[in-house]
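Numbering (my numbering), first residue to last: 46 to 140. We treat Cβ as the ideally placed atom computed from N, Cα and C, and that holds for glycine. In what follows, a structure is listed as structure tokens, so that the remarks can point back to it.
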């Protein structure tokens, strides 16, 4: 199963997890607390973990195409919700 990770520098990781999960819960299964979140899309899943100075993301999907789409969806929403604190998400493929 293809997967990718990102570590996004931000002092607001917990707040961003909450905003992302609350937004997506209207269309998909989303679970979260103050330190982590889990988003289950039809094309894959993404885990979010808050660290003191960063948000860690891990996305998994059945195919490379679905993984690319999932990464684009999560990243675009994260950048939008973060305001000026996050400009981009740089994904790293994992094996």
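- [ ] Would you list the residues sitting across from residue 63 in a DSSP beta bridge?
- [x] Working through the chain shown from its first residue, we reach residue 63 at position 18. Answer is none; residue 63 lacks a bridge partner.
Task: Alpha-carbon spacing of residue 103 relative to residue 111, whole angstroms - done: As a first step, residue 103 is located in the chain shown; it is residue number 58 there, counting from the start. As a first step, residue 111 is located in the chain shown; it is residue number 66 there, counting from the start. Going by the C-alpha atoms only, they are around 14 Å apart.
- [ ] Would you tell me roughly how many angstroms separate the C-alpha atoms of residue 73 and residue 122, rounded to the nearest one?
- [x] Stepping through the chain shown from its first residue, residue 73 is reached at position 28. Stepping through the chain shown from its first residue, residue 122 is reached at position 77. The straight-line gap from Cα to Cα measures roughly 14 Å.
Open item on the list: Can you look up residue 55 in the DSSP assignment and give me helix, strand or coil?
Closed with: Within the chain shown, the letter at position 10 stands for residue 55. In the structure shown, residue 55 sits in coil (DSSP, three-state: anything other than H, G, I, E or B).
Task: residue 120 versus 47, 46 and 51, residue with shortest Cα-Cα distance - done: Reading the chain shown from its first residue, position 75 is the one you call residue 120. The candidate whose alpha carbon is nearest that of residue 120 is 51.
Task: Three-state secondary structure assigned by DSSP to residue 132 - done: Translated into the one-based positions of the chain shown, residue 132 becomes position 87. In the structure shown, residue 132 sits in coil (DSSP, three-state: anything other than H, G, I, E or B).
- [ ] Assign residue 121 to one of three DSSP states: helix, strand, or coil.
- [x] Position 76 of the chain shown holds residue 121. Correct three-state label for residue 121: helix.
Open item on the list: Would the segment 127–136 count as touching the segment 70–88 if we require 3 or more Cβ pairs under 8 Å?
Closed with: no
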